[in-house]
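Below is one structure, written out as structure tokens; the observations come after it.
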Amino acid sequence: MDESTRTWRDRVARWHKSGHSARVFAEQEGVNAGTLYSWSRRLGMKRSDYRQRSEKATLPTLLPVVVAPSGAAACPSGAALEIVFPDGAVVRVPPTFDEETLARVVRALGGMR
Numbered sequence: 514m515d516e517s518t519r520t521w522r523d524r525v526a527r528w529h530k531s532g533h534s535a536r537v538f539a540e541q542e543g544v545n546a547g548t549l550y551s552w553s554r555r556l557g558m559k560r561s562d563y564r565q566r567s568e569k570a571t572l573p574t575l576l577p578v579v580v581a582p583s584g585a586a587a588c589p590s591g592a593a594l595e596i597v598f599p600d601g602a603v604v605r606v607p608p609t610f611d612e613e614t615l616a617r618v619v620r621a622l623g624g625m626r
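Residue numbers (my numbering): 514 to 626.
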């Protein structure tokens, strides 16, 4: 396999995994969207195959959460609760949150049964 083919195989794989349209991805890469499609077909790389695999691979792992009783661990008055996920996503819960709503959200995410 020559260098150009290796470069395009890598580029097409990154495009498929990115979830971006060909136009957006090609613009970011400084290449033509039509050329991106052409190489994808030439290499037999189907976008749908990558989407299914990458979506399964990127599902977040939820960890169990224990809510301490009121006043258990003194938190500065008016401080928000922050939940930081390994991928960097942050959920901020204001000090005046509704406990039942938060519990429903956590259950909906599969964290508590």
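C-beta atoms are modelled at their ideal positions from N, C-alpha and C, and glycine is treated no differently.
Here the structure is a predicted model, which is why all the values come from computation and not from measurement.
Item, Value
"Going along the chain, which residues of its own chain have a beta-carbon closer than 8 Å to the beta-carbon of Asn545, five neighbours each way excluded?", "Ala539"
"Determine the extent of the alpha helix (DSSP H) in which Thr548 is found, giving its start and end residues.", "546-556"
"Within this structure, are the beta carbons of Tyr550 and Ala526 separated by less than 8 Å?", "no"
"Relative to the C-alpha of Thr548, which residue among Trp521, Gln541, Arg560, Lys530 is closest?", "Trp521"
"Can you tell which of Ser531, Ala593, Val537, Trp552 has its C-alpha closest to the C-alpha of Arg519?", "Trp552"
"Quick check on this structure: which residue in Lys530, Leu594, Val618, Glu613 has the alpha carbon closest to the alpha carbon of Arg605?", "Leu594"
"Just verifying my parser: in three-state terms, what is the DSSP assignment at Val580?", "coil"
"Name, in chain order, the residues that DSSP records as bridge partners for Arg605.", "Glu595"
"Is His529 helix, strand or coil when you go by DSSP?", "helix"
"So Phe538 is in the alpha helix (DSSP H); what residue range does that whole segment cover?", "535-542"
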